[in-house]
Amino acid sequence: MPKIKMPRGTPSLDMTPMVDLAFLLVTFFMLTASFREAETVSVVVPSAVSVADKELPKNTLVITITKTGQVYFDAQLEGPDSRLEILDSMVKNYNLTFDNEPKARMEFLRCGSFAVPIKKVPEYLKLDDFKRIKENEKYPDGISSDSTNNEIGALALYGMGIGIRNY
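Numbers 46 to 212, taken from our numbering, label the letters of the sequence shown in order.
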């Protein structure tokens, strides 16, 4: 007589130990692996050259425009008389008056670049050096350069005329 066969169930495999084994292998490789040494990349960086680092030639007009759009003017002219001619042109064309003209002329010789409107130059020259820096910051546009009141253009023309004459 034949034996009764037992119905077979579908085989199953418990995956819990397999997950443990996978994490064990990942942990093993992470701990035993060594990182590759960082490679240095040589980059040729261009050198920045600043105008302040170089000696400017004589009879040079320096018009500086900052990131905020403020316009500064300076004239590196031969001899103090040339710089004073710019002041004389400003006095003549803009009807400027000074309380103490000899002192104002000496201050204009040593003040360097400035960013105040031409009408404010007499008050600007009365200030000491530290207050002049604050005064320059008061005028966000600096010297006017728009088409209706182009003061920077006028200053450049005065300076260029003097520079060409001295050349």
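Note that beta-carbon positions come from the ideal geometry of N, C-alpha and C, so glycine has one too.
Checklist entry - When burial is assigned at 16 or more other CB atoms within 10 Å of the CB, is Asp119 buried or exposed? => result Taking all protein chains shown into account, Asp119 has 16 or more neighbouring C-beta atoms within 10 Å of its C-beta and is therefore buried.
Checklist entry - How big is the Cα-Cα spacing for Glu152 and Lys171? => result Inter-residue distance for Glu152 and Lys171 is about 8 Å (C-alpha atoms, whole angstroms).
Item to check | CB-CB length for Gly204 against Ile110, believed under 8 Å | outcome: Contact flag wrong, Cβ pair sits at about 16 Å.
Item to check | Integer Cβ distance of Leu106 from Pro125, believed to fall under 8 Å | outcome: Contact check for Leu106 and Pro125: beta-carbon distance about 16 Å, past the 8 Å limit, so the pair fails to qualify.
Item to check | Span of the beta strand (DSSP E), counted from its first residue to its last, around Tyr117 | outcome: Segment Val116 to Gln121, the beta strand (DSSP E) holding Tyr117.
Next on the checklist: For Asp65 and Lys48, I'd like the C-alpha separation in whole angstroms.
Outcome noted: Roughly 42 Å separates the two Cα atoms.
Checklist entry - Given Gly187, which residues of its chain have a CB within under 7 Å of its CB, disregarding the five upstream and five downstream residues? => result Excluding residues within five positions, the ones whose Cβ falls inside 7 Å are Gln115, Val116, Tyr117 and Ala160.
Checklist entry - Under the DSSP definition of a beta bridge, which residues are partnered with Leu106? => result Within the DSSP secondary-structure output, Leu106 pairs in a beta bridge with Ala120.
Next on the checklist: For Asp191 and Phe175, I'd like the C-alpha separation in whole angstroms.
Outcome noted: Looking at the two C-alpha atoms, the distance is approximately 28 Å.
Checklist entry - What do you reckon, are the CB atoms on Ile163 and Glu196 nearer than 9 Å? => result Yes, these two residues count as a Cβ contact at 9 Å.
Item to check | Identity of the residue in Asn138, Val166 and Gly157 nearest Glu146 by Cα | outcome: Looking at Asn138, Val166 and Gly157, the one whose alpha-carbon comes closest to that of Glu146 is Val166.
Checklist entry - Between the C-alpha atoms of Phe80 and Lys179, what's the straight-line distance to the nearest angstrom? => result Each residue's Cα considered, the two are about 56 Å apart.
Checklist entry - Quick one, are the C-beta atoms of Asn138 and Ala199 less than 9 Å apart? => result With contacts defined as CB atoms closer than 9 Å, Asn138 and Ala199 qualify as a contacting pair.
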